[in-house]
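At position 218 of the sequence shown the residue is numbered 217 (numbering that gives the first Met the number 0), and the sequence of numbers has no breaks.
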Amino acid sequence: MKWASQIFRLKIRSSLRQYASIVILFGLTLFLVTTVLPAISYPVESLHLSGDKVEGSGSTGSPTRQRAEGRVAIAQTDKILYLGDISNHLKRQPPNAKIANSPTPLEQGIAAFEAGRFAEAAQFWQQAAQEYEAKRDRLNQALSLSYLSLAYQNLGQVQDAEQAISQSLDLLQHQDNWESGGLAILGQALNTQGRLQLTKGQAEAALDTWKQATDAYSRAGDETGKLGSQINQAQALQTLGLYRRAQTRLEQANQHLQAQPDSLLKVQGLQSLGIALQELGDPKTSQTLLTQSLAIAQNLNPTPDTSAILLSLGNVARDLQEDDKALDYYQKAAKNASNSLIQIKAQLNQLSLLIDSEQNETAIALLPQIQVSLATLSPSRAAVYAQVNFADSLMRMGSDVETCHGTSGCQLVGAGLTDNVTPETGSAKALTTNSAIAQLLAKAIQQARQIQDAKAESYAIGQLGKLYEQKQQLAEAQKLTQQALSLVQGINAGDIAYLWEWQLGRIQEKQGNIKDAVAAYTVAVETLRSLRSDLIALPNLQFYFRERVEPVYRQLVGLLLKSDPSQKNLQKAREVIESLQLAELDNFFRNTCTQAQSQQIDQVDPTAAVIYPIILPDRLAVILSLPGQPLRHYETQLPEAEVNNAFVQLRKFLNPVLSNKQRLRYSQDIYDWLIRPIEAALTDNEIKTLVFILDGALRNLPMAALHDGEQYLIEKYSVAVSPGLQLLEPRALDRERLQALIGGLSEERGGFSALPGVELELKKISDQVPSEMLFNQEFTTTTLKQEISDVPFPIVHLATHGQFSSEVEDTFILTWEGQVNVNDLDQLLQVREREDSQPIELLVLSACQTATGDQRAALGLAGVAVRSGARSTLATLWSVRDESTAQLMAEFYQYLTQAENSKAESLRQAQLSILKNPKYEHPYYWAPFVLVGNWL
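As structure tokens, then:
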């Protein structure tokens with residue numbers, strides 16, 4: 000989700016006199032910046048600052064307008080969102096308590112925490128806990144300790160955080176007579192514990208803890224806290240891969256809110272829920288709830304401060320690629336904000352979007368305003384991050400060449416400034432000089448040190464190192480990057496550590512120190528692997544994944560494959576690519592989806608060769624694995640853009656109305672890159688099946704259609720595709736229990752055209768294999784689920800419209816009542832696997848297609864193949880004529896019933912039968928059928 004949970008706003012209410020009433024809106028994510036990944040996939044140019052955090056735009060469109068290697072992402076402001084917890088606790092004073100004239104340590108800690116001074120807050124809350132202990136005030140001691148745990152978590156001090164929350168809960172568990180105030184404090188402490196557990200990767204424990212928190216709030220009559228705990232549970236459910244249950248939990252919370260009368264609490268609840276849904280990857284519903292929250296707030300008060308809601312609406316609009324709307328929301332948020340921090344965040348988000356959309360003049364005009372706003376911020380983590388965010392945007396806009404020294408400040412030495420212009424004047428040109436940027440970062444570093452925030456200091460120093468890297472002052476860049484890394488050693492900050500490990504690898508590679516560069520990249524990849532469960536939480540992560548995570552893997556592989564790589568390097572490169580494939584699927588589905596026991600596929604079939612192309616910036620590399628032999632490596636020196644263009648062009652010319660000459664040209668080019676260098680090796684080793692682990696846009700191409708100048712690849716080999724080197728335990732299909740559940744639609748439904756050939760297709764299948772049929776009105780989600788649950792069909796064949804996309808929300812199949820999203824399909828197909836461990840052997844989707852214009856759409860197919868739990872998935876890359884499909888499917892099942900034929904060979908023979916038909920000889924008709932997974 001967008002890593003530090005959305006808004007931690009502390010509002011001092013005069014009605015409570017000296018006591019602070021803190022309203023903490025809890026968004027879906029519970030992580031503070033110290034424990035999650037604010038920097039993992041948010042390039043600075045697309046960061047949003049929402050409420051009290053920096054968050055990613057989620058826009059998969061405009062951010063691609065500018066891609067820069069090594070762009071540093073800036074963390075959020077580390078404020079966790081608990082609905083109403085602290086406010087309710089602080090209102091509950093002992094019956095005879097007197098109002099003090101000066102703030103208590105508890106209140107001072109709250110003020111410091113609200114300002115982003117976490118070390119100071121920890122000191123105050125530690126003092127408060129000691130004072131309450133001396134007074135034998137267990138409830139307030141427990142509350143202070145719970146807050147202390149939050150402060151430690153923000154500082155990355157996990158052991159101290161564990162100790163504090165353990166002491167808090169121990170005090171509360173010995174409470175004999177619970178009142179509503181005590182129960183609410185218990186709920187808050189449990190929320191804090193759950194947050195810590197989730198940070199440590201203990202999602203199941205966190206879920207259980209948050210259920211207890213919900214119960215405590217319910218008994219206290221605290222609806223606000225109850226709602227927050229329910230949202231927390233949704234985060235844990237998503238982390239566990241239970242997407243549907245997470246969404247249901249949020250829907251239930253929404254239903255409860257909608258039944259409430261309009262009030263400030265409802266405004267806050269809708270805002271929090273809207274943010275949660277955005278983080279869950281449902282920006283449209285998020286936008287609806289945030290709009291409702293804004294409307295209610297405006298009706299309750301004609302002149303409310305709705306800047307935080309406007310800011311969130313801007314971020315959602317940007318997620319939806321509605322740039323004009325987003326800019327308007329940001330402008331309104333900045334104009335209406337009474338809080339200087341929200342104002343600067345709106346301005347920074349506006350600047351980021353203006354840069355992305357290349358509205359340079361407007362962006363330049365905004366710079367002096369941001370400089371003025373930054374000057375009003377007191378030292379805090381949020382202020383440091385805002386300055387680093389601004390610095391990165393300035394770096395993207397371009398700066399003059401100059402030299403500056405040290406981390407405490409920089410000296411101007413020419414820089415090409417105009418006469419009488421200095422950074423202090425606030426002119427746009429002055430602001431974008433290297434010296435001005437370095438001075439801005441030096442100030443951020445000084446403020447981070449002032450508030451004793453090692454994490455914030457690391458961000459600022461690391462960004463300064465990036466500035467030096469950008470200007471090729473590599474020795475100083477390396478020194479600063481290592482300093483930034485040293486600051487986060489020993490604290491829970493893998494999100495930062497991986498960034499600087501990656502940056503260090505880039506610097507060392509530029510210095511020609513390949514050995515140390517490989518070591519740095521390797522550490523960065525290992526850190527990313529350790530953060531695997533955290534990576535899934537970002538909304539609209541895919542652009543950020545490609546820009547902030549994927550390059551780390553690819554740059555490491557590129558170095559490993561340089562200069563006649565050794566077997567050790569080849570094996571390591573293969574392992575890294577496999578990890579990338581796995582991370583891509585996790586990212587696609589927003590959970591760690593591949594948990595089943597697996598086996599190396601190249602150790603299964605002595606007649607299969609495993610080929611995986613790797614698209615690198617300057618070449619197309621290929622690793623070949625032959626049974627019982629060392630790995631082989633070969634490559635073609637071509638720019639990435641040229642390679643990808645060939646892939647796109649071949650896909651285009653697979654349309655039968657376009658030029659056959661062009662199709663064969665590109666098909667033969669790609670054959671020359673992938674297959675021709677190993678033709679002799681394949682022949683010598685009597686290879687029958689080629690298994691491709693495809694990369695990038697290659698996933699959208701049918702390998703069967705590659706052409707050697709005389710014949711298609713499918714005429715020589717069976718072909719299969721795997722999403723990685725590992726899959727569910729392979730086994731041959733048991734012909735003794737061959738039975739199929741077949742279903743489909745022939746009529747027009749949901750805006751999709753009729754498929755008149757489906758009835759014939761299903762009939763032909765039922766003639767070949769014993770089958771249970773669900774046709775048209777009978778083909779519903781309910782009946783499909785019931786049939787799969789009741790009978791262990793080894794084959795499930797669905798002849799219906801469907802789409803594969805790089806966006807999970809756009810990947811679906813069609814049933815009689817409507818679209819079934821891939822996440823729902825996943826839950827549907829794995830019912831039996833969870834009950835008796837008999838997964839579907841073969842899932843067939845015979846009328847699907849990849850999303851138009853989506854170069855990574857086949858990722859959806861790979862995701863369905865893995866998440867369905869089926870050992871094999873046979874699907875189409877594009878929808879073809881249903882008459883030829885019916886014929887091909889009949890042929891496929893006829894061959895499949897013969898024990899000597901594997902699934903891959905059965906598909907090959909079916910494709911050859913269509914190819915030999917003059918009416919359907921064009922690969923458009925037979926090539927899109929792709930077997931993913933177990934080919935045996």
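Glycine residues also receive a C-beta, built at the ideal position from the N, C-alpha and C atoms.
Report the CB separation of residue i from residue j in whole angstroms; it is logged as a contact under 8 Å.
i: Pro701; j: Val929; result: 6 Å
i: Val551; j: Val524; result: 6 Å
i: Gln246; j: Leu289; result: Going by Cβ atoms, the distance from Gln246 to Leu289 rounds to 17 Å, so no, they are not a contact pair.
i: Leu142; j: Ile184; result: 5 Å
i: Val863; j: Thr810; result: 7 Å
i: Ala118; j: Asp452; result: 6 Å
i: Thr606; j: Arg618; result: With 8 Å as the limit, Thr606 and Arg618 do not qualify as a contact, their Cβ atoms being about 30 Å apart.
i: Gly397; j: Thr431; result: 6 Å
i: Gly489; j: Gln580; result: Rounded, the Cβ-Cβ distance is 32 Å, inconsistent with contact.
i: Leu584; j: Leu630; result: Not confirmed; about 23 Å, so no contact.
Relative to the C-alpha of residue i, which candidate in the options has its C-alpha closest?
i: Asn300; options: Arg317, Ala333, Leu263, Asp683; result: Leu263
i: Val575; options: Asp261, Pro927, Val548, Asp563; result: Val548
i: Arg870; options: Leu841, Tyr384, Asn335, Leu689; result: Leu841
i: Phe774; options: Ser101, Leu783, Ala362, Gln767; result: Leu783
i: Gln767; options: Met888, Gln349, Lys651, Val720; result: Met888
i: Leu860; options: Val819, Leu876, Asp853, Thr851; result: Leu876
i: Arg662; options: Phe691, Ile513, Asp707, Val690; result: Asp707
i: Ala325; options: Ala333, Lys334, Val315; result: Val315
i: Ser805; options: Gly750, Asn699, Arg907; result: Asn699
i: Asn512; options: Glu808, Gln482, Trp499, Leu558; result: Leu558
i: Ser254; options: Leu272, Leu239, Gly240, Arg243; result: The question names Ser, but residue 254 is Gln in the sequence shown. If we check each option's Cα against that of Gln254, Leu272 comes out closest.
i: Asn388; options: Ile450, Ile369, Ala679; result: Ile369
i: Gly186; options: Ser788, Val720, Gln477, Leu168; result: Leu168
i: Trp124; options: Arg116, Tyr146, Arg137; result: Tyr146
i: Ile686; options: Gln710, Ser658, Val718; result: Val718
Taking the alpha helix (DSSP H) that residue i falls in, what are its first and last residues?
i: Trp891; result: For the record, residue 891 in the displayed sequence is Phe; it is not Trp. From DSSP, the alpha helix (DSSP H) with Phe891 extends over 881 to 895.
i: Asn153; result: 137 to 153
i: Asn253; result: 242 to 257
i: Asn298; result: 282 to 299
i: Glu203; result: 202 to 219
i: Phe270; result: As written in the sequence, residue 270 is Gln, which differs from the Phe given in the question. Counting along the chain, the alpha helix (DSSP H) containing Gln270 begins and ends at 263 to 278.
i: Arg528; result: 513 to 529
i: Leu366; result: 359 to 374
i: Ala696; result: Counting along the chain, Ala696 falls outside any alpha helix (DSSP H), and DSSP gives it neither H nor E.
i: Gly493; result: 493 to 509
i: Thr682; result: 678 to 683
i: Ile669; result: 659 to 673
i: Gly557; result: 549 to 559
Could you please give me the residues that DSSP links to residue i through a beta bridge?
i: Val690; result: Val609, Ala719
i: Tyr131; result: DSSP output for Tyr131 lists no bridge partner at all.
i: Phe544; result: Answer by DSSP bridge pairing: none, since Phe544 is not bridged.
i: Val929; result: Ala874
i: Gln802; result: Phe811, Gln848
i: Val795; result: Leu740, Leu842
i: Leu619; result: Ile614, Thr635
i: Asn820; result: Phe811
i: His706; result: Tyr711
i: Ser624; result: Val609
i: Phe751; result: Arg748
Locate the beta strand (DSSP E) running through residue i, then write down its first and last residues.
i: Met772; result: 770 to 774
i: His632; result: 631 to 635
On the three-pair Cβ rule with 8 Å, is the segment 906 to 920 touching the segment 794 to 812?
The segment 906 to 920 and the segment 794 to 812 do not touch, with fewer than 3 CB-CB distances between them shorter than 8 Å.
Closer than 8 Å is the cut-off here; do at least three beta carbon pairs connect the segment 438 to 446 with the segment 457 to 466?
Contact between the segment 438 to 446 and the segment 457 to 466 is present, because at least three Cβ pairs lie under 8 Å.
Quick one: any contact between the segment 342 to 358 and the segment 321 to 329, if contact means 3 or more CB pairs under 8 Å?
Yes, the segment 342 to 358 touches the segment 321 to 329.
Check whether the segment 666 to 681 and the segment 630 to 649 are in contact - that is, three or more C-beta pairs closer than 8 Å.
Cβ pair count under 8 Å is three or more, so yes.
Closer than 8 Å is the cut-off here; do at least three beta carbon pairs connect the segment 146 to 164 with the segment 187 to 201?
Touching, per the Cβ criterion.
Can you find at least 3 beta carbon pairs, one from the segment 622 to 641 and one from the segment 559 to 573, that sit closer than 8 Å?
Three or more Cβ pairs drawn from the segment 622 to 641 and the segment 559 to 573 lie within less than 8 Å of each other, which places the two stretches in contact.
Do three or more CB pairs link the segment 692 to 700 to the segment 880 to 887 at distances below 8 Å?
Below 8 Å, too few C-beta pairs join the segment 692 to 700 and the segment 880 to 887 to call them touching: fewer than three.
Say whether the segment 704 to 724 touches the segment 670 to 685, bearing in mind that this needs 3 or more beta-carbon pairs closer than 8 Å, one atom from each stretch.
Verdict: yes, contact present.
Does the segment 741 to 748 come close enough to the segment 808 to 822 to have 3 or more Cβ pairs within less than 8 Å?
Output reads yes: the segment 808 to 822 touches the segment 741 to 748.
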